[in-house]
Amino acid sequence: MGILAELTGSIGSIGFGLAAIGPGVGIGIIFGNGVQAIARQPEAYGVIRQNMILGFALAEALALIGFVAPFVFGT
Amino acid sequence: MLKALPLLEVTCKFGDDNCPFPAPGAEIFFFPPIASFTGPDGSAWEFNKPVLLAGIAALIVIIFFMAAFARPKLVPRGMQNLGEVVYFFFKNHFARDIIGQGGDKYIPLLMSLFSFIWIMNLFSIVPGVQFPVTSRFAFPLILSLIVYFTFIGVGIKSQGVGAYFKGVAFPDVQPRAILIILTPLEILSTFIIRPATLAIRLFANMFAGHLLLVIFSVSTWYLLNLTNFVGAVSVVGYVGSIASFMMTGILTAFEMFIQLLQAYIFTLLTAMFIAEAQSAHH
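Line order of the protein sequences matches chains A and B. End of the first sequence = 88 in this note's numbering, gap-free, step of one. End of the second sequence = 281 in this note's numbering, gap-free, step of one.
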């Protein structure tokens, strides 16, 4: 079977686009729910903010790995 | 092998036929050695900009804490005031809230980690220096290995070798059959993925941030490097160049926030790992 579809050019940038989908959704959910939690219980702001930032960092790392991978493993 | 900066290879001007954007790549993170030595085993040792900056960062942290705490007074004055504000932040938010019992003895580790990482990140936006040391992978890797051995050591010390590794590998869950899936996952996530992501997160954030700043700085220069300064192409150049310059400014402000956040997250995760290793059941 011959080649059905071929991708040329900067494949790494497409990879970053794909890698950013999941974390994008995740970070949206984290901050959306975080703001909601603060609105419901403003006195727990400190704890909520800390956990919000933690969740943000964990989700964001995945997108950044997608950003860096083409530079590290690229030719 | 080292490549020259893409900017130095550009001979054409914007508006010429066939003058592509000199997109900066990973080569902007490699520096020629300032000095090189021959090591004791005959290998070549090189001393370059990131190493110099890391040394300066360590010196800044040492001088700051010496100025703040070398001769503590009952009534704090000058630098001691600032130092105590930082100390109490770490004491309340990390040692007491997260680690809890016996957390106070980890304040020196957490404080030095935070300040060292933050100063190294901050070099990214210092004019004339403009290089985040942590965007070279060796620095976050070593810091994360320090954290790795610290939390394993804490776990072994507070629970004993057997109890600690058993607690990690075989958590107290029902039904027990789920351990077939859970045990490999727990071992993988605690002992391999955890230190790796700790290092990669810091590295990737600083790498991406520095690259973005360089891309917009280069495009500011590239779009203003015009063949002729009148005509339709020059308008594109002026507008694009100004937009890129503004983007550089905005991203610099954003980077300041990210640098502080990453240093904070690194310290926060360190505290959480220590807390988890300390408690028998998590």
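Positions of the beta carbon are idealized from the N, C-alpha and C atoms, including for glycine.
Is the Cβ of residue i closer than 8 Å to any Cβ of chain A?
{"i": "threonine 182 of chain B", "result": "no"}
{"i": "leucine 140 of chain B", "result": "no"}
{"i": "alanine 262 of chain B", "result": "no"}
{"i": "alanine 56 of chain B", "result": "no"}
{"i": "alanine 25 of chain B", "result": "yes"}
{"i": "lysine 12 of chain B", "result": "no"}
{"i": "alanine 276 of chain B", "result": "no"}
{"i": "methionine 0 of chain B", "result": "Low confidence applies to methionine 0 of chain B: its pLDDT is 38, below 50, so where it sits in the model is not reliable, and the reading given next is rough at best. Answer no: the Cβ-Cβ gap between methionine 0 of chain B and chain A never drops below 8 Å."}
Please list, in chain order, the chain A residues whose beta carbon lies closer than 9 Å to that of residue i.
{"i": "leucine 267 of chain B", "result": "Gln63, Ile66, Leu67, Ala70"}
Mind pulling the chain A residues with CB within less than 8 Å of residue i?
{"i": "arginine 200 of chain B", "result": "Ala70, Glu73, Ala74, Leu77"}
{"i": "glycine 99 of chain B", "result": "Here the premise fails: no neighbours, minimum Cβ distance about 14 Å."}
Which residues in chain B have a C-beta closer than 9 Å to the C-beta of residue i? List them in chain order.
{"i": "phenylalanine 80 of chain A", "result": "Ala203, Phe206, Ala207, Leu210"}
{"i": "phenylalanine 86 of chain A", "result": "Within 9 Å Cβ-Cβ: nothing; phenylalanine 86 of chain A doesn't reach chain B, min ~10 Å."}
For a test of the three-state rule: what should DSSP assign to residue i, helix, strand or coil?
{"i": "alanine 34 of chain B", "result": "strand"}
{"i": "phenylalanine 136 of chain B", "result": "coil"}
{"i": "glutamate 45 of chain B", "result": "strand"}
{"i": "phenylalanine 113 of chain B", "result": "helix"}
{"i": "aspartate 96 of chain B", "result": "helix"}
{"i": "phenylalanine 28 of chain B", "result": "helix"}
{"i": "phenylalanine 20 of chain B", "result": "coil"}
{"i": "leucine 225 of chain B", "result": "strand"}
{"i": "phenylalanine 13 of chain B", "result": "strand"}
{"i": "lysine 104 of chain B", "result": "helix"}
{"i": "leucine 73 of chain B", "result": "coil"}
{"i": "glycine 127 of chain B", "result": "coil"}
{"i": "valine 38 of chain A", "result": "helix"}
{"i": "valine 172 of chain B", "result": "coil"}
{"i": "proline 39 of chain B", "result": "coil"}
{"i": "valine 81 of chain A", "result": "helix"}
{"i": "phenylalanine 86 of chain A", "result": "helix"}
May I ask which residues mark the beginning and end of the alpha helix (DSSP H) holding residue i?
{"i": "alanine 57 of chain A", "result": "Where alanine 57 of chain A is concerned, there is no enclosing alpha helix (DSSP H), given that its DSSP letter is neither H nor E."}
{"i": "alanine 252 of chain B", "result": "231-277"}
{"i": "lysine 165 of chain B", "result": "160-168"}
{"i": "leucine 20 of chain A", "result": "That residue, leucine 20 of chain A, is in no alpha helix (DSSP H); it is neither H nor E in DSSP."}
{"i": "phenylalanine 88 of chain B", "result": "78-89"}
{"i": "isoleucine 179 of chain B", "result": "178-187"}
In chain A, which residues lie less than 7 Å from residue i when you measure between Cβ atoms?
{"i": "phenylalanine 196 of chain B", "result": "Strictly speaking, residue 196 of chain B in this sequence is threonine, with phenylalanine absent from that position. Correct list: Ala74."}
To the nearest angstrom, how far is it from the Cα of residue i to the Cα of residue j?
{"i": "isoleucine 199 of chain B", "j": "proline 139 of chain B", "result": "7 Å"}
{"i": "isoleucine 61 of chain B", "j": "glycine 82 of chain B", "result": "12 Å"}
{"i": "phenylalanine 265 of chain B", "j": "alanine 94 of chain B", "result": "15 Å"}
{"i": "valine 42 of chain A", "j": "alanine 76 of chain A", "result": "It is isoleucine, not valine, that sits at residue 42 of chain A in the sequence shown. Straight-line Cα distance between these residues: approximately 15 Å."}
{"i": "alanine 72 of chain A", "j": "glycine 39 of chain A", "result": "6 Å"}
{"i": "histidine 209 of chain B", "j": "proline 23 of chain B", "result": "11 Å"}
{"i": "valine 229 of chain B", "j": "leucine 223 of chain B", "result": "12 Å"}
{"i": "valine 232 of chain B", "j": "leucine 211 of chain B", "result": "25 Å"}
{"i": "serine 23 of chain A", "j": "serine 123 of chain B", "result": "27 Å"}
{"i": "arginine 193 of chain B", "j": "valine 238 of chain B", "result": "45 Å"}
{"i": "asparagine 47 of chain B", "j": "glutamine 54 of chain A", "result": "51 Å"}
{"i": "alanine 137 of chain B", "j": "alanine 43 of chain B", "result": "17 Å"}
{"i": "cysteine 18 of chain B", "j": "alanine 34 of chain B", "result": "36 Å"}
{"i": "leucine 51 of chain B", "j": "isoleucine 27 of chain B", "result": "17 Å"}
{"i": "aspartate 15 of chain B", "j": "threonine 226 of chain B", "result": "7 Å"}
{"i": "proline 39 of chain B", "j": "glycine 54 of chain B", "result": "22 Å"}
{"i": "phenylalanine 88 of chain B", "j": "tyrosine 263 of chain B", "result": "12 Å"}
{"i": "valine 84 of chain B", "j": "glycine 77 of chain B", "result": "12 Å"}
{"i": "threonine 189 of chain B", "j": "valine 167 of chain B", "result": "8 Å"}
Considering only heavy atoms of the ligand ZN, does any lie closer than 7 Å to the CB of residue i?
{"i": "phenylalanine 202 of chain B", "result": "The ligand ZN is absent from the structure shown, which contains no ligand whatsoever."}
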